[in-house]
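Right, one structure below, let's go through it.
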Amino acid sequence: DGVVSAGNKNAAADAPGSERDCIYIDFDILGDGKTDPNELLKTLKEQLASPEAPIHNGMFGVFADKANIEDLPADSAKAVGEVPGSTAGDDKAGGGSSGTDQLAVERHLANLELSDAKAEIEQLKKQLSDSVSAHQSSLSQLSDARNQLDDSMNQVAKLEGEVNSLKSQNKTLSTDLSNAKDMWMKESSRASKLQDELNTRDDQIAEDSRRMTELSATNEALQRENAQLKKLFEGSENEVAARARAAENSFGQLNESYFGDSRAPPTTSRTPAAMASSLEEMVAPPQSDAFVRPPTTATTAFTPTPTAARLGTAASPPKTTTFGSSTPGTSGVVSGGALLPHNVGAPATVERFRALIGAQEGV
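To convert a position in the sequence shown, counted from 1, into the working numbering, add 85.
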């Protein structure tokens with residue numbers, strides 16, 4: 086006798102048409118007088134344990150893969166029941182033996198199921214513990230990931246703020262740069278105009294400097310001329326009278342050398358007026374008509390030049406020399422003086438006139 090049970094409930098569930106967790110098969114090994122039943126049982130166990138055994142092939146192969154075989158307990162009613170080939174016993178005894186065997190088998194199956202359930206529970210507990218640990222680890226990782234995500238979002242928001250600020254600054258700088266370019270263009274144009282004006286002013290300054298140099302030279306020349314004129318016209322009346330007398334004496338001597346004996350005493354006809362008349366007739370150009378110019382009184386008058394007027398020279402009153410008076414007069418009127426002819430004749434006459442003027446000025 087033996088008991089074949091499926092230790093794995095999944096194997097029983099895979100059997101076609103099976104609705105129980107395991108299948109119980111009660112069978113007897115009948116001896117033939119040649120083979121020991123125990124040897125047959127041992128061989129059967131070996132075939133069940135070996136995947137290559139013929140028992141794993143065929144319609145019962147699916148059960149043989151998960152089946153195990155066990156001997157009935159020694160105290161079971163089946164073990165002490167009727168011996169194979171015996172006809173002893175009645176139906177009542179047979180019914181009691183079957184009930185006991187069924188109870189023993191159920192108890193054995195219950196023990197097996199309990200053991201399997203305990204093992205499965207332990208395995209489930211272990212899996213659950215591992216799952217809880219993994220879940221806790223996942224929660225921790227998820228929390229860390231959330232924290233990192235929050236930090237990343239904060240950094241992104243901060244960077245977005247910085248980017249917006251930089252964009253605003255860039256826009257402001259672009260506007261400032263555009264304004265600076267416009268101002269630079271305007272200032273460049275203004276600087277160009279100022280440079281042109283400066284060059285013009287430099288040219289004007291150079292021209293003014295040149296004119297100033299010329300005016301300075303002219304001023305120096307005019308100052309020298311003014312000094313000479315002051316020295317000439319601002320002398321004392323005595324000096325002017327002395328020069329006039331010296332000129333008159335020289336003029337008289339020259340007149341005598343030209344017109345008569347110097348030893349003859351002077352007469353009224355030899356007055357400066359007469360001499361001037363004779364001199365004017367001498368130096369006057371010949372007249373083609375019959376008109377005879379009457380004797381005149383030569384008068385020399387000084388008029389300040391325009392140059393002296395520009396320099397603001399306070400010129401002395403005009404000094405007039407009138408011939409025909411032997412007594413010095415007031416206001417610069419003296420006897421004798423220079424003759425200023427309007428018409429000059431021959432070169433020899435001009436030379437004589439220059440000699441007379443030089444004698445008058447005391448040269």
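Built from N, CA and C at the ideal position, the CB exists for glycine as well.
Legend entry - Whole-angstrom distance between Q313 and T298, CA atom to CA atom: By 1-based counting over the sequence shown, the position of residue 298 is 213. By 1-based counting over the sequence shown, the position of residue 313 is 228. Those two C-alpha atoms are separated by around 23 Å.
Inset, instruction - In the DSSP assignment, find the beta strand (DSSP E) that holds N153 and state where it starts and stops. - result: Reading the sequence shown from its first residue, position 68 is the one you call residue 153. A152 to E155 is the span of the beta strand (DSSP E), which, as asked, contains N153.
Inset, instruction - Check A138 in the structure and name its three-state DSSP category. - result: Taking the sequence shown and counting its residues from 1, the one referred to as residue 138 is at position 53. Of the three classes helix, strand and coil, the one that applies to A138 here is coil, per DSSP.
Legend entry - Through-space distance from I140 to F148, alpha-carbon basis: Residue 148 sits at position 63 when you count from the first residue of the sequence shown. Residue 140 sits at position 55 when you count from the first residue of the sequence shown. Between F148 and I140, the C-alpha separation is close to 10 Å.
Inset, instruction - For L234, count neighbouring Cβ atoms within 10 angstroms of its own Cβ and tell me buried if that reaches 16, exposed if not. - result: Locating residue 234 in the sequence shown gives position 149, counting from the first residue. Counting Cβ neighbours within 10 Å, L234 comes out exposed, since fewer than 16 surround it.
Legend entry - Buried or exposed by the 16-neighbour rule on C-beta atoms within 10 Å, applied to A329: What you label residue 329 is simply residue 244 of the sequence shown in a count that begins at 1. Buried is the call here.
Legend entry - Chain-order list of residues whose beta-carbon lies under 6 Å from that of L197 (same chain, five-residue window excluded): Walking along the sequence shown from the start, residue 197 turns up at place 112. Within the same chain, L197 has no close Cβ partners at all.
Legend entry - Identity of the residue in E310, I154, T120 and L300 nearest V190 by Cα: Start at 1 with the first residue of the sequence shown, and residue 190 comes out as number 105. The shortest Cα separation from V190 among E310, I154, T120 and L300 belongs to I154.
Legend entry - Alpha carbon of E465 to alpha carbon of N304, nearest angstrom: Absent from the model: residue 465. The displayed extent of the chain is 86 to 448, so no value can be given.
Inset, instruction - Note down the Cα distance separating R295 from D267, rounded to an integer number of angstroms. - result: Numbered from its first residue, the sequence shown carries residue 295 at position 210. Numbered from its first residue, the sequence shown carries residue 267 at position 182. For R295 and D267, the distance between alpha carbons rounds to 42 Å.
Inset, instruction - Tell me whether the beta-carbon of L133 lies closer than 8 Å to the beta-carbon of A152. - result: Taking the first residue of the sequence shown as position 1, residue 133 is located at position 48. Taking the first residue of the sequence shown as position 1, residue 152 is located at position 67. It is a contact, given that the beta carbons lie within the stated cut-off.
Inset, instruction - May I ask you to report which of helix, strand or coil DSSP gives D121? - result: Locating residue 121 in the sequence shown gives position 36, where the first residue counts as 1. Reduced to three states, the DSSP call for D121 is coil.
Inset, instruction - Report all residues from its chain with a CB closer than 6 Å to the CB of T352; omit the five preceding and five following residues, and keep chain order. - result: Looking up residue 352 in the sequence shown gives position 267. The predicted model places T352 with a pLDDT of 45, which falls under 50 and marks its position as unreliable; any figure quoted below should be read in that light. No residues qualify anywhere along the chain.
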